[in-house]
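Structure, as structure tokens:
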Amino acid sequence: MRGDHAREHWVDVADGLLDAVTPYATPGHAQYRLPGRTSRSGPESDGLEGFARTFLLAAFRLAGDPAAAPAALLERYAEGLGHGTDPGHEFAWPPIADGHQSIVEAASVAIALHETRPMLFDRLDPVVQERVVAWLGGIVGKHAWPCNWVLFKVIVEQFLAGVGGPYDQDEIDRHLADVERWYVGDGWYTDGAGQNYDYYCGWAIHLYTLLWTRMSGADATVHRERLRTFLDGYRHLFAPDGAPMHQGRSLTYRMASLAPLWLGALFDASPIEPGATRLMAGRTLDHFAAHGVPDERGLLSLGWHRPFLPVTQSYSGPASPYWASKGFLGLLLGPAHPVWTAPAAAPDAGDLSLALPAPGWLLHRSEGVTRLVNHGSDGNDPDTAGDDPHYAKLGYSTHTAPETGPGGRAENIDNHLTVLLPDGRATRRRRIERIGVADGFAASRYADGEVVVETASVLDGPWEVRVHRVSAPAGSVVRDGGHAVASGEPCEVTPGGLTASVTASVTAAAGKDLVSEIAGLHGWHTAAAALRHEENAFGAHSATPYLVGTHPGDRAAIFVSAVRLGRAPYAEGPRISVHGEQVSWNDAAGSRVDVRLGREPRYRRHGPVGERVVWTG
Numbered sequence: 001m002r003g004d005h006a007r008e009h010w011v012d013v014a015d016g017l018l019d020a021v022t023p024y025a026t027p028g029h030a031q032y033r034l035p036g037r038t039s040r041s042g043p044e045s046d047g048l049e050g051f052a053r054t055f056l057l058a059a060f061r062l063a064g065d066p067a068a069a070p071a072a073l074l075e076r077y078a079e080g081l082g083h084g085t086d087p088g089h090e091f092a093w094p095p096i097a098d099g100h101q102s103i104v105e106a107a108s109v110a111i112a113l114h115e116t117r118p119m120l121f122d123r124l125d126p127v128v129q130e131r132v133v134a135w136l137g138g139i140v141g142k143h144a145w146p147c148n149w150v151l152f153k154v155i156v157e158q159f160l161a162g163v164g165g166p167y168d169q170d171e172i173d174r175h176l177a178d179v180e181r182w183y184v185g186d187g188w189y190t191d192g193a194g195q196n197y198d199y200y201c202g203w204a205i206h207l208y209t210l211l212w213t214r215m216s217g218a219d220a221t222v223h224r225e226r227l228r229t230f231l232d233g234y235r236h237l238f239a240p241d242g243a244p245m246h247q248g249r250s251l252t253y254r255m256a257s258l259a260p261l262w263l264g265a266l267f268d269a270s271p272i273e274p275g276a277t278r279l280m281a282g283r284t285l286d287h288f289a290a291h292g293v294p295d296e297r298g299l300l301s302l303g304w305h306r307p308f309l310p311v312t313q314s315y316s317g318p319a320s321p322y323w324a325s326k327g328f329l330g331l332l333l334g335p336a337h338p339v340w341t342a343p344a345a346a347p348d349a350g351d352l353s354l355a356l357p358a359p360g361w362l363l364h365r366s367e368g369v370t371r372l373v374n375h376g377s378d379g380n381d382p383d384t385a386g387d388d389p390h391y392a393k394l395g396y397s398t399h400t401a402p403e404t405g406p407g408g409r410a411e412n413i414d415n416h417l418t419v420l421l422p423d424g425r426a427t428r429r430r431r432i433e434r435i436g437v438a439d440g441f442a443a444s445r446y447a448d449g450e451v452v453v454e455t456a457s458v459l460d461g462p463w464e465v466r467v468h469r470v471s472a473p474a475g476s477v478v479r480d481g482g483h484a485v486a487s488g489e490p491c492e493v494t495p496g497g498l499t500a501s502v503t504a505s506v507t508a509a510a511g512k513d514l515v516s517e518i519a520g521l522h523g524w525h526t527a528a529a530a531l532r533h534e535e536n537a538f539g540a541h542s543a544t545p546y547l548v549g550t551h552p553g554d555r556a557a558i559f560v561s562a563v564r565l566g567r568a569p570y571a572e573g574p575r576i577s578v579h580g581e582q583v584s585w586n587d588a589a590g591s592r593v594d595v596r597l598g599r600e601p602r603y604r605r606h607g608p609v610g611e612r613v614v615w616t617g
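The sequence shown lines up with residues 1 to 617 when you count with UniProt numbering.
Here you go:
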């Protein structure tokens, strides 16, 4: 079965990644200075990152099957520990400082040391042990940014507590309390204050809280149940072919998205069958391999399918992608664990419609593509309001990316309702104000100056029907964009009346091209497509279908569109009616749908056999 890889395959992939970085090690193996753009922290920090993140991968590979641990791999990282913590060595690690990247990397070192302790730390020369403890101990009392960073301190200080090093129990307790305040229910944490919902919930917060219980011996019951609940929705962020959802920051970590799946198996806290966990993880590994990851050198580049710097952040350096090591967490599970021995169980690949109220998302899947409708995660803390395209868009998917190059980011067409004001200014969706989430429905608003945009999304078969209520000055132009699709070849554009469709020739398990379509149902007068080059993580050529309308200015105006992303070359959209500010139609399942925004928002769905969904704000 596709993606059903034995543990030995994962070991081979891990060994390949570890072998490929070896030529870039500094003398003594204290740093790995990989080729690529230097991060804002500088080359010394990047070299430490190269050691720490590959050490984490080595630790998972070594600890899960100690009898098969390669001696040379142990010796390489033992040597690096000795030289990296020697202040007199040419390539010594930078000391841990307030808010510095060394705090992040110290956590990877601590986890790796904990998991391999009998075979590595306990066998180090006592002088080297003291130096390792002294370097890690520099974290005590240091400032960590108020997000998942506080858990780096928890992990390091807990390891130090276990080896007789310096630690502050009050700091550990205080930072665990910080994380507790960020829990919002249904297994979801926001990454710090605000609405920061992304992969960090899984590959950082769930991962580190549970690894802390593994290190400390603390009761893991609450964290296990939260992870189980989280995974029940999280597993649907992957397409049937293994493609992960392309949303949020640090996407260059790629396979790290698998960490929560393995974590559920490691802590017996997963609603997913062991054979399905193995298959899901294997398909994601295969997905990236099919798109050139790792590259021809065996390295993980800064990008997604291909090197693409706009998908990164200023903190991203050439070794940052090796956070993907977390995607190999399953190697901690020995060869006899059910995750490796249970019969393969294919995950559900059928059509899906799912509401995730905690992050403010809807998920819908059809034709092998999973889409995310975003009405709750803006990536902002309470004091700032940016419009990062990895958070601010109305929609994301497993097979598309937002336009993040300079031109696409500035024009901001894809998956955004823009108001182009008479003075030339274009509105941005910076802070998302939630209206509500229900079965098949989510709504939010954003304000930018005198403009207020309210949007409701309703799932209807393969379509997302968007109802926009827009308050804006007379003469303003309103624009709504669909998904940007990308390919290595120019995209095909198919305009037709008030529908725009763009097609990307892509390599897909379904063997069909990817089609993005937007249909104007009310309020629009033009449909078109925006073509771009080198603006998208999925390919050099990209295209976005969009609609344009004119705002009357004397009242709030209603605009309705239908957005589709799939394999079929054409699909007939819903037929709606608008009465005042209420939008109504019969959906693909035969239900009657009514949506109203404004002061008294409501959503009603009456099924053909009496079932009923009613939501009022």
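Where is the CB? At the ideal position from N, CA and C, for every residue including glycine.
Counted within 10 angstroms of its Cβ, other Cβ atoms place Ser270 as buried (16 or more) or exposed: As a working mapping, residue 270 is identified with position 270 in the sequence shown. Ser270 should be labelled buried.
Contact set for Leu160: own chain, Cβ-Cβ below 7 angstroms, skip 5 residues either direction: Locating residue 160 in the sequence shown gives position 160, where the first residue counts as 1. Here the set comprises Val133, Leu136, Gly137, Pro166, Tyr167.
First and last residue of the uninterrupted beta strand (DSSP E) at Ala319: Stepping through the sequence shown from its first residue, residue 319 is reached at position 319. Ala319 -> no beta strand (DSSP E), and no H or E assigned at all.
Between the CA atoms of Pro310 and Gly405 - distance to the nearest angstrom: On the sequence shown, position 405 is the one that residue 405 refers to. On the sequence shown, position 310 is the one that residue 310 refers to. Each residue's Cα considered, the two are about 6 angstroms apart.
Backbone CA spacing between Ala239 and Arg365 [nearest angstrom]: Taking the first residue of the sequence shown as 1, we reach residue 239 at position 239. Taking the first residue of the sequence shown as 1, we reach residue 365 at position 365. Straight-line Cα distance between these residues: approximately 8 angstroms.
For Arg409, the nearest candidate out of His399, Ala6, Asn415, Pro389 (CA to CA): Within the sequence shown, the letter at position 409 stands for residue 409. Cα-wise, what sits closest to Arg409 is Pro389.
Status (buried if at least 16 other CB within 10 Å, exposed otherwise) for Pro357: As a first step, residue 357 is located in the sequence shown; it is residue number 357 there, counting from the start. Under this definition Pro357 is a buried residue.
Alpha helix (DSSP H) segment containing Ile172, residue limits: Taking the sequence shown and counting its residues from 1, the one referred to as residue 172 is at position 172. From DSSP, the alpha helix (DSSP H) with Ile172 extends over 169-181.
Given 8 angstroms, three or more beta-carbon pairs between the stretch 341-353 and the stretch 323-330: no
Backbone secondary structure at Pro66 - three-state DSSP: Walking along the sequence shown from the start, residue 66 turns up at place 66. Here Pro66 sits in helix by DSSP.
Ordered list of beta strand (DSSP E) runs contained in the stretch 357-432, each at least 3 residues: 361-366, 369-374, 395-397, 417-420
Cα-Cα separation between Gly162 and Phe121, rounded to whole angstroms: As a position in the sequence shown, residue 162 is number 162, starting the count at 1. As a position in the sequence shown, residue 121 is number 121, starting the count at 1. Roughly 12 angstroms between the two C-alpha positions.
Host alpha helix (DSSP H) of Trp262 (start-end): If you number the sequence shown from 1, residue 262 lands on position 262. Segment 259-266, the alpha helix (DSSP H) holding Trp262.
Per DSSP, cross-strand counterpart(s) of Ser444: Stepping through the sequence shown from its first residue, residue 444 is reached at position 444. BP columns for Ser444 point to Arg434, Thr455.
Residue span of the beta strand (DSSP E) that contains Val595, given as start and end: Translated into positions along the sequence shown, residue 595 becomes position 595. Element bounds for Val595: 592-596.
Burial state of His143 (16 or more Cβ within 10 Å): Residue 143 sits at position 143 when you count from the first residue of the sequence shown. His143 is exposed by the Cβ-count criterion.
Whole-Å CB distance - Gly376 paired with Gln195, under 8 angstroms assumed: For the purposes of this step, residue 376 is taken as the residue at position 376 of the sequence shown. For the purposes of this step, residue 195 is taken as the residue at position 195 of the sequence shown. Contact flag correct, Cβ pair sits at about 6 angstroms.
Status (buried if at least 16 other CB within 10 Å, exposed otherwise) for Leu531: Taking the first residue of the sequence shown as position 1, residue 531 is located at position 531. Flag for Leu531 reads exposed.
Pairwise C-alpha distance: Ile103 and Asp381: Your numbering for residue 381 matches position 381 in the sequence shown. Your numbering for residue 103 matches position 103 in the sequence shown. Answer to the nearest angstrom: the Cα atoms are 21 angstroms apart.
His83 in three-state terms, based on DSSP: In the sequence shown, the residue the question calls residue 83 occupies position 83. His83 falls in the helix class under three-state DSSP.
Coarse secondary structure for Phe308, derived from DSSP in three states: Counting from one through the sequence shown, the residue named residue 308 turns up at place 308. Residue state, collapsed to three classes: coil.
Euclidean distance between Cα positions of Phe559 and Leu251: Residue numbering aside, residue 559 sits at position 559 when the sequence shown is read from its first letter. Residue numbering aside, residue 251 sits at position 251 when the sequence shown is read from its first letter. Going from the Cα of Phe559 to the Cα of Leu251 covers about 33 angstroms.
First through last residue of the alpha helix (DSSP H) which encompasses Ser102: The residue given as residue 102 occupies position 102 in the sequence shown. Looking at the DSSP string, the run of the alpha helix (DSSP H) that includes Ser102 is 101-115.
For Glu492 and Asp4, the rounded distance between their alpha carbons: Locating residue 4 in the sequence shown gives position 4, where the first residue counts as 1. Locating residue 492 in the sequence shown gives position 492, where the first residue counts as 1. Going by the C-alpha atoms only, they are around 35 angstroms apart.
When Val373, His399, Asp383 are compared against Tyr391, the one with the closest alpha-carbon: Start at 1 with the first residue of the sequence shown, and residue 391 comes out as number 391. Checked all of Val373, His399, Asp383; the closest Cα to Tyr391 is Val373.
C-beta atoms of Ala112 and Ala68 nearer than 7 angstroms: Looking up residue 112 in the sequence shown gives position 112. Looking up residue 68 in the sequence shown gives position 68. Not a contact, by the Cβ cut-off of 7 angstroms.
Identity of the residues DSSP links to Phe559 by a beta bridge: The residue labelled residue 559 in the question sits at position 559 within the sequence shown. BP columns for Phe559 point to His468.
Reference Ser577; option with closest CA among His246, Leu565, Ser561, Pro569: In the sequence shown, counting from the first residue as 1, residue 577 sits at position 577. Considering only alpha carbons, the answer is Ser561.
Phe91, DSSP secondary structure in three states: Counted from its first residue, the sequence shown places residue 91 at position 91. Looking at Phe91 - three-state DSSP - the assignment turns out to be coil, as it is neither helix nor strand.
Given Gly598 as reference, the closest of Gly590, Ser591, Val583, Asp587 once Cα atoms are compared: Taking the first residue of the sequence shown as position 1, residue 598 is located at position 598. Ranking the options by Cα distance to Gly598, first place goes to Val583.
Beta-carbon spacing of Val150, Asp178 below 7 angstroms: As a working mapping, residue 150 is identified with position 150 in the sequence shown. As a working mapping, residue 178 is identified with position 178 in the sequence shown. Going by C-beta atoms, Val150 is nearer than 7 angstroms to Asp178.
DSSP state of Thr507 mapped onto helix, strand, coil: Working through the sequence shown from its first residue, we reach residue 507 at position 507. No answer about Thr507 holds up, because its pLDDT of 41 lies below 50 and its placement is not dependable.
Beta-carbon proximity check, Arg230 vs Gly187, cutoff 7 angstroms: Residue 230 sits at position 230 when you count from the first residue of the sequence shown. Residue 187 sits at position 187 when you count from the first residue of the sequence shown. Note on identity: in this sequence residue 230 is Phe, with Arg being the wrong assignment. Against a cut-off of 7 angstroms, the Cβ pair of Gly187 and Phe230 comes out as a contact.
Exposure label - Tyr546; buried when at least 16 CB within 10 Å: Within the sequence shown, the letter at position 546 stands for residue 546. Under this definition Tyr546 is a buried residue.
Simplified DSSP state of Glu492, which is helix, strand or coil: Translated into the one-based positions of the sequence shown, residue 492 becomes position 492. Note: Glu492 maps to strand in three-state DSSP.
Nearest to Tyr199 (by Cα), restricted to the options Glu180, Ala557, Leu237, Arg174: Position 199 of the sequence shown holds residue 199. Out of Glu180, Ala557, Leu237, Arg174, Leu237 has the C-alpha closest to the C-alpha of Tyr199.
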